[in-house]
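S.K.: Order-wise, the sequence lines are chains X and E.
All residue numbers for the first sequence refer to the UniProt record's numbering, where the first residue is 1 and numbers rise by one.
All residue numbers for the second sequence refer to the UniProt record's numbering, where the first residue is 1 and numbers rise by one.
Dumping the structure here so I can ask a few things about it.
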Amino acid sequence: MLPYSGSVSLVSSFLFPPLQFVPPPNRSDWLCVVTPSVRRVTRSSDWSKSRRFPTGLAHSPAEDSLKMAASLRCFLRSGKKAVSALGQREFHRSAPAAAQVTVRDALNQAMDEELERDERVFLLGEEVAQYDGAYKVSRGLWKKYGDKRIIDTPISEMGFAGIAVGAAMAGLRPICEFMTFNFSMQAIDQVINSAAKTCYMSAGLQAVPIVFRGPNGASAGVAAQHSQCFAAWYAHCPGLKVVSPWNSEDAKGLLKSSIRDDNPVVFLENELLYGVPFEMSEEAQSKDFTIPIGKAKVERAGSHITLVSHSRYVGHCLDAAAVLAKEGIECEVINLRTIRPMDVESIEASVMKTNHLVTVEGGWPQFGVGAEICARIMEGSAFNYLDSPVTRVTGVDIPMPYAKILEDHSLPQIKDIIFSLHNLVLIIVRNGNYSFVFAEFLICPYLAATKPNLH
Amino acid sequence: MCFSQTPEKKRWQQRWFCRYCRQRRRRAAPEGQRLTEGRICAVQGLCWASLGKMLTNISNVLRACAQRNGAAAVVSARTYADFTNEATFEIKKCDTFKLDEGPATQVVMTRDEGLQYYRTMQTMRRMELKADQLYKQKIIRGFCHLYDGQEACAVGIEAAINLSDHLITAYRAHGYTYTRGGTVKKIMAELTGRRGGIAKGKGGSMHMYCKHFYGGNGIVGAQVPLGAGVALACKYQGNSELCVCLYGDGAANQGQIFETYNMAALWKLPVIFICENNGYGMGTSVERAAASTDYFKRGEFIPGVRVDGMDVLCVREASRFAADYCRSGKGPILMELQTYRYHGHSMSDPGVSYRTREEIQEVRSKSDPISMLKDRMLSNNMASVEELKEIDVEVRKEIEDAAQFATTDPEPPLEDLCNHIFHNNPPLEVRGTNPWSKLKSVS
């Protein structure tokens, strides 16, 4: 039943009354797991290192599971709205004088502040000026700064991306907006060959301080040609920095850092997040708030499993973590923030703590961000701490369909993240007794409850 | 001029210095030895260049005093060796498109200018031929696109603009790297991939950079939007600089060029688009590649000029005209330089499968830019054969020295492998070919 045996995860609380366990097919492997104190140094060595067994709260599991199933059903049925509703839930900690700021407003603030701070910064792209931005991200900027600094371009991506790169070479600091990153494919030669490689080819003589920004990845109902995720494409190339913010704080801090950076930065936003409000602390609202490029953030601390994600799916991970927390599985959620250079150290530190890793992204699986994380973890020191292979939760390997039901099922949902745990065997501690349950049994109520209603 | 002082000699340096320009020179014997450039007269204590300068100054003053109108007057001043200082030349009329008047057809060239153009073109020619030689010896590898035959374009353009203006071109860039301020030594060392190269050996033939020169671009046509962007920066910053943006007849069919024409004209960017039409886009002649071979008309809403690109004065005059047009804020202008390359597209192309040797020979004998300039100068008594030969010898020596440097300079150190990925960045670690090799990268 299991593709491998002997991998376990520890659960902290009373969950169910001790279940009749079904022994794994390979009885000998299972036997090697059964020691009162489980100690682990390497995967293949004997299990002699003791583990902490954190205790959790006791509560009625059955009632909770029903409630959870119902709420999960609600999430998945209401789709986008649910995500935004979740955005306001209590696990986003609030600070004094914090404000609810949408990602759109955060980006607007960041650009406004940088335009004011440095004369050389200017914005160009389609519909950024008089239309106030195709997604209203640059609202009000043209009225404030005028034609010289907010430039509407004709529909010539390759042309205006090249012009932006040329202006950067000559000493300005352009922000080049692509209406979506799908259109950046028209201009990808300018981004890679003219912007990314120039500093290296000129041995540092010629810098290109430019930011390419725009919405990336799937939107709602825009079909195949407008829904591709370019994180993996751009992150492949040396000479570029690729940044993918999630919430308002990320958006503002990272955009400011990107504009102040003397190198080409690809700033991948997400259209579905534009209207989502997030708490922004007082500090984050200040004019000099920047987030360093290349550092990930642990959004939620946990000890049982690590979920790594970027952009919109960080929200999904946090929701899945909330669901699993009710079962006592504490997930650590890492928001990558920067795809290139990737903060592998944070992921490794987390894996060394939790021993399990799941990567979540919206892009296609082949040669994607998750694939890179898997390879890096495998090559690094954290490999010895893994108790199970890394799971990648990705978009389905198809061009994006249009029909809502097909679209919903071609992107990772919360249930997919929960499902990624299904291979694991959990040790349940109760009164010093150990019981084993396949996680599949634990989470299948959530998965069953969310079966689509096919009319 | 009644000086009869001996030239100043600083005893402790054992050298002779000219009294006017204070340059170190070799001493010519008081009698009998001809005073040529690089020597100092033992009697007058002045060197060749200084004599010329002094006489030019005197003649300028005299000219300013005299009533003079337009370019019709020809003033000749006698130098020590009895050369004409300045002459007027009649050049070919340029075809224009959407322009009321074109560049002037009567141009004035001074002796100094002529010598400078000659020296520069000869240096470029020798440099390219040397690169050919080194490539055949496998000391230069990869791509090597040679510019011989087209020297008049680079020299003429540079004569019309300032070093504070900007220039960007495609991969046939060795000539422009030189005119924009790169030295032959650094260019050749870059071709051979040594640490003394202009890009420390990391760029190669197609990626040479210096101040206000943005390469050297390998992707055909990609440099044109970049050039317009540089012009946008010039306009944004309000300096009266312009950008000269060059591309070939093959690149003229690229879509991004038309996108750039549109935006440059829309925003009135100070950019001169120059199409160097050498008749062949790699191996495809212009008739086989373009529905319209009037490249100067391709701008449609941008005025254009078609120029004889083998005549350095024609190119210079047209570039001056274009630069004035741009600087007056009228927006972009297009120039087509009709020129020719003697070598094939690159060193891997013999250049004879799509054109005949006779054609190459004909152009070489009838329209070679260096020969044309030489004939002009000699026939107008602006220089002597020996003088030009001396320049040839000096140029040859310079190229030899540069080639020597380029072959003996060590290659870049391995520590440099991962450097310069980013600019102004804290040091970072770069993955090597295997997971255990972690290489250091500094900006």
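Cβ atoms here follow ideal geometry from the backbone N, Cα and C, with glycine treated the same way.
On the DSSP bridge assignment, give the partners of X:Pro174 in chain order.
M.R.: Mapped onto the first sequence, residue 174 of chain X falls at position 174. DSSP, once it has assigned bridges, lists X:Phe122 as partnering X:Pro174.
S.K.: With a cut-off of 8 Å on the beta carbons, I'd call E:Thr260 and E:Ala228 a contact; round off their distance for me.
M.R.: Mapped onto the second sequence, residue 260 of chain E falls at position 260. Mapped onto the second sequence, residue 228 of chain E falls at position 228. Yes, E:Thr260 and E:Ala228 are in contact; Cβ-Cβ is about 5 Å, under 8 Å.
S.K.: Kindly indicate which residue of X:Ile329, X:Gly328 and X:Thr391 has the alpha-carbon position closest to the one of X:Leu357.
M.R.: Along the first sequence, one-based indexing puts residue 357 of chain X at 357. The shortest Cα separation from X:Leu357 among X:Ile329, X:Gly328 and X:Thr391 belongs to X:Thr391.
S.K.: Taking the straight line between their C-alpha atoms, what separation do you get for X:Ile339 and X:Lys241?
M.R.: Working through the first sequence from its first residue, we reach residue 339 of chain X at position 339. Working through the first sequence from its first residue, we reach residue 241 of chain X at position 241. For X:Ile339 and X:Lys241, the distance between alpha carbons rounds to 8 Å.
S.K.: For X:Glu332, does the count of other Cβ atoms within 10 angstroms reach 16, so buried, or fall short, so exposed?
M.R.: Taking the first sequence and counting its residues from 1, the one referred to as residue 332 of chain X is at position 332. Buried.
S.K.: Can you tell me whether X:Ser329 is helix, strand or coil according to DSSP?
M.R.: As a first step, residue 329 of chain X is located in the first sequence; it is residue number 329 there, counting from the start. A small fix is needed here, since residue 329 of chain X is Ile in this sequence, not Ser. Looking at X:Ile329 - three-state DSSP - the assignment turns out to be coil, as it is neither helix nor strand.
S.K.: Chain X beta carbons: is any one of them nearer than 9 Å to that of E:Glu362?
M.R.: For the purposes of this step, residue 362 of chain E is identified with residue 362 of the second sequence, where counting begins at 1. Chain X contact via Cβ: absent.
S.K.: Measuring CA to CA, which of X:Thr306, X:Ala218 and X:Ala161 is closest to X:Val266?
M.R.: Translated into positions along the first sequence, residue 266 of chain X becomes position 266. Closest option to X:Val266, Cα to Cα, is X:Ala161.
S.K.: Per the contact definition of three or more C-beta pairs closer than 8 Å, is the stretch 243 to 251 of chain X in contact with the stretch 195 to 209 of chain X?
M.R.: no
S.K.: Determine contact between the stretch 228 to 238 of chain E and the stretch 159 to 176 of chain X, defined as no fewer than three beta-carbon pairs at a distance below 8 Å.
M.R.: yes
S.K.: Is there a C-beta anywhere in chain X that falls below 9 Å from the one on residue 466 of chain E?
M.R.: Any question about residue 466 of chain E goes unanswered here, given that chain E covers just 1 to 443.
S.K.: Compute the distance between the beta-carbons of X:Ile347 and X:Glu330, then report whether it is under 9 Å.
M.R.: As a position in the first sequence, residue 347 of chain X is number 347, starting the count at 1. As a position in the first sequence, residue 330 of chain X is number 330, starting the count at 1. Against a cut-off of 9 Å, the Cβ pair of X:Glu330 and X:Ile347 comes out as no contact.
S.K.: Going by the beta-carbon positions, is the gap between X:Glu299 and X:Val314 smaller than 9 Å?
M.R.: For the purposes of this step, residue 299 of chain X is identified with residue 299 of the first sequence, where counting begins at 1. For the purposes of this step, residue 314 of chain X is identified with residue 314 of the first sequence, where counting begins at 1. The answer is yes: Cβ separation under 9 Å.
S.K.: Counting Cβ pairs, one atom from each stretch, are 3 or more of them under 8 Å apart for the stretch 174 to 186 of chain E and the stretch 123 to 130 of chain E?
M.R.: With the cut-off at 8 Å, the stretch 174 to 186 of chain E and the stretch 123 to 130 of chain E touch.
S.K.: Contact criterion: CB-CB distance below 9 Å. Does X:Leu141 meet it with respect to chain E?
M.R.: Taking the first sequence and counting its residues from 1, the one referred to as residue 141 of chain X is at position 141. No, no contact with chain E.
S.K.: Would you say E:Cys234 faces chain X, with C-beta separation under 9 Å as the test?
M.R.: As a first step, residue 234 of chain E must be located in the second sequence, where it is residue number 234. Closer than 9 Å: yes.
S.K.: Verify whether the separation of the beta carbon atoms of X:Leu272 and X:His310 is less than 9 Å.
M.R.: Your numbering for residue 272 of chain X matches position 272 in the first sequence. Your numbering for residue 310 of chain X matches position 310 in the first sequence. Contact: no.
S.K.: Per DSSP, what kind of secondary structure is E:Thr408 in: helix, strand or coil?
M.R.: Walking along the second sequence from the start, residue 408 of chain E turns up at place 408. It is helical.
S.K.: Taking the beta carbon of E:Pro332 as the centre, do at least 16 other beta carbons fall within 10 Å, making it buried, or is it exposed?
M.R.: Counting from 1 along the second sequence, the entry for residue 332 of chain E is found at position 332. With 16 or more other Cβ atoms within 10 Å, it is buried.
S.K.: Rounded to whole angstroms, how far is the Cβ of X:Gly362 from the Cβ of X:Ala218, which I believe are closer than 8 Å?
M.R.: Against the first sequence, residue 362 of chain X aligns to sequence position 362. Against the first sequence, residue 218 of chain X aligns to sequence position 218. With a Cβ gap of about 6 Å, X:Gly362 and X:Ala218 count as contacting.
S.K.: Where does E:Gly281 sit, in a helix, a strand or coil, going by DSSP?
M.R.: Locating residue 281 of chain E in the second sequence gives position 281, counting from the first residue. If DSSP states are grouped into helix, strand and coil, E:Gly281 belongs with the strands.
S.K.: Can a CB atom of chain X be found closer than 9 Å to the CB of E:Asn57?
M.R.: As a working note, residue 57 of chain E is residue 57 in the second sequence. Judged by the 9 Å Cβ criterion, E:Asn57 is not in contact with chain X.
S.K.: Going by the DSSP bridge assignment, what does X:Gly221 pair with across the sheet?
M.R.: In the first sequence, residue 221 of chain X corresponds to position 221, counting from 1. X:Gly221 is bridged by DSSP to nothing; it lacks a bridge partner.
S.K.: In terms of alpha-carbon separation, which member of X:Cys374, X:Gly395 and X:Met400 lies closest to X:Ser388?
M.R.: Here residue 388 of chain X refers to the residue found at position 388 of the first sequence. Residue X:Cys374 is the option with its Cα nearest to X:Ser388.
S.K.: Using the beta-carbon count (16 or more within 10 Å), is E:Leu417 buried or exposed?
M.R.: As a first step, residue 417 of chain E must be located in the second sequence, where it is residue number 417. The residue is exposed, with fewer than 16 neighbouring Cβ atoms inside 10 Å.
S.K.: Flag this pair as touching only if the stretch 250 to 265 of chain X and the stretch 291 to 298 of chain X have three or more C-beta atom pairs under 8 Å; answer yes or no.
M.R.: Judged by Cβ distances under 8 Å, the stretch 250 to 265 of chain X makes contact with the stretch 291 to 298 of chain X, as three or more pairs qualify.
S.K.: Run the CB neighbour count on E:Asn217, radius 10 Å, all protein chains shown included, and call it buried at 16 or more, exposed below.
M.R.: By one-based count along the second sequence, residue 217 of chain E stands at place 217. Residue environment: E:Asn217 is assigned as buried (16 or more neighbouring CB atoms within 10 Å of its CB, all protein chains considered).
S.K.: Taking its Cβ as the centre, do 16 or more other Cβ atoms sit within 10 Å of E:Pro426, making it buried, or is it exposed?
M.R.: Translated into the one-based positions of the second sequence, residue 426 of chain E becomes position 426. By the neighbour-count criterion, in which a residue is buried when 16 or more other Cβ atoms sit within 10 angstroms of its Cβ, E:Pro426 is exposed.
S.K.: Per DSSP, which one or two residues make a beta bridge with E:Phe213?
M.R.: Here residue 213 of chain E refers to the residue found at position 213 when the second sequence is read from its first residue. E:Phe213 pairs with E:Leu167 and E:Cys210.
S.K.: For E:Phe296 and chain X, any beta-carbon pair shorter than 9 Å?
M.R.: Against the second sequence, residue 296 of chain E aligns to sequence position 296. Not an interface residue.
S.K.: Can you tell me whether E:Met109 is helix, strand or coil according to DSSP?
M.R.: The count along the second sequence starts at 1 and reaches residue 109 of chain E at position 109. Here E:Met109 sits in strand by DSSP.
S.K.: Given that a residue counts as buried once 16 or more other Cβ atoms are within 10 Å of its Cβ, and exposed if not, what is E:Thr356?
M.R.: Within the second sequence, residue 356 of chain E is the residue found at index 356, counting from 1. Exposed, by the Cβ-count rule.
S.K.: Compute the distance between the beta-carbons of E:Arg24 and E:Ala160, then report whether it is under 9 Å.
M.R.: Taking the first residue of the second sequence as position 1, residue 24 of chain E is located at position 24. Taking the first residue of the second sequence as position 1, residue 160 of chain E is located at position 160. No, the pair does not count as a contact, with Cβ atoms beyond the cut-off.
S.K.: Using a cut-off of 7 Å between C-beta atoms, extract the partners of E:Glu259 located in chain X.
M.R.: Here residue 259 of chain E is taken as the residue at index 259 of the second sequence, counted from 1. Counting only Cβ-Cβ distances below 7 Å, E:Glu259 has contacts in chain X at Ser156, Met158 and Gly159, in chain order.
S.K.: Mark X:Ser13 as exposed unless 16 or more other C-beta atoms lie within 10 angstroms of its C-beta, in which case mark it buried.
M.R.: Taking the first residue of the first sequence as position 1, residue 13 of chain X is located at position 13. For X:Ser13, the predicted structure reports a pLDDT of 31, less than 50, and the residue's modelled location is therefore unreliable. The matter cannot be settled from this model.
S.K.: Between E:Met372 and E:Ile272, which are expected to be in contact by the criterion C-beta below 8 Å, what is the C-beta distance as a whole number of angstroms?
M.R.: Along the second sequence, read from residue 1 onward, the residue named residue 372 of chain E stands at position 372. Along the second sequence, read from residue 1 onward, the residue named residue 272 of chain E stands at position 272. Wrong, their Cβ atoms sit about 23 Å apart, outside the cutoff.
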